[in-house]
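Reviewing the structure listed below.
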Amino acid sequence: MKHYGQFISILSRERMHFEDITSQVREAVSKSGITEGIACIFSMHTTSCIRINENEERLLYDFKSFLERLAPASARYLHDDIEKRDCPKDEPLNGHSHLKSLLLGASETVPVVNGEMLLGKWQSIFHVDLDGVNRQRKVMVKVMGD
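Structure representation (structure tokens):
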């Protein structure tokens, strides 16, 4: 079995942001030379995730609204009691981001068939940043197979 890894770098543009990374993942799969196998797409951060869904503007807005209702930024979180934690004083108050991340997950796995990712007609791969704004994020694409 062969394997190939490539990092994708993403600059977040807003506090909660869905970035379509399908083309970058497709490029990594192509570079791998692997024709049959899987591509694992993994976020390297505790407050960003990888998800597959439809890239439609109003649906993305609905996702953001839904996640904010589940874990509102305005709520109180023990994680945000900086004085009671062993962490830098400038640590962001992001308990809500960690809870949202727990629900979404850090990775997705996509089949590779005939050298192409097997995605449905409306499926896109998203990097979901839950604690962004001018933060550099890293995603690992690992392709394995023959």
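One point on numbering: in my numbering, the residue at position 40 of the sequence shown is 43, and numbering is uninterrupted.
Just so it is clear, CB atoms sit at the ideal spot from N, CA and C, and this is done for glycine as well.
This one's a predicted model, so the numbers in the text were calculated from it and none came from an experiment.
Helix, strand or coil at Gly-40 [DSSP, three-state]
Correct three-state label for Gly-40: strand.
Helix, strand or coil at Arg-54 according to DSSP, with G and I counted as helix:
Three-state DSSP puts Arg-54 in a strand.
Under a three-way DSSP split, which group does Thr-112 fall into?
DSSP, reduced to helix, strand and coil, places Thr-112 within a strand of the structure shown.
Within the continuous beta strand (DSSP E) that includes Gly-98, where are the two ends?
Gly-98: not part of any beta strand (DSSP E); member of the alpha helix (DSSP H) spanning 98-107, first to last residue.
Buried or exposed for Thr-112, going by 16 or more other Cβ atoms inside 10 Å?
Counting Cβ neighbours within 10 Å, Thr-112 comes out exposed, since fewer than 16 surround it.
Based on DSSP bridge pairs, tell me the residues matched to Tyr-7.
In the DSSP output, where bridge partners are listed per residue, Tyr-7 has Val-146.
In terms of residue numbering, what span does the beta strand (DSSP E) encompassing Ser-127 cover?
Counting along the chain, the beta strand (DSSP E) containing Ser-127 begins and ends at 127-132.
Residue burial classification, Ser-33 (beta-carbon count within 10 angstroms, cutoff 16):
Exposed, because fewer than 16 other Cβ atoms sit within 10 Å of the Cβ of Ser-33.
Nonlocal neighbours in the same chain, by C-beta distance under 6 Å from Arg-61, ignoring five residues either side
Closer than 6 Å at Cβ, skipping near neighbours: no residue.
Which of helix, strand or coil DSSP assigns to Lys-67
Secondary structure of Lys-67 (DSSP, three-state): helix.
Residues near Gln-9 by beta carbon distance below 6 Å, same chain, minus five either side
Answer for Gln-9: Ala-31, Val-144, listed in chain order.
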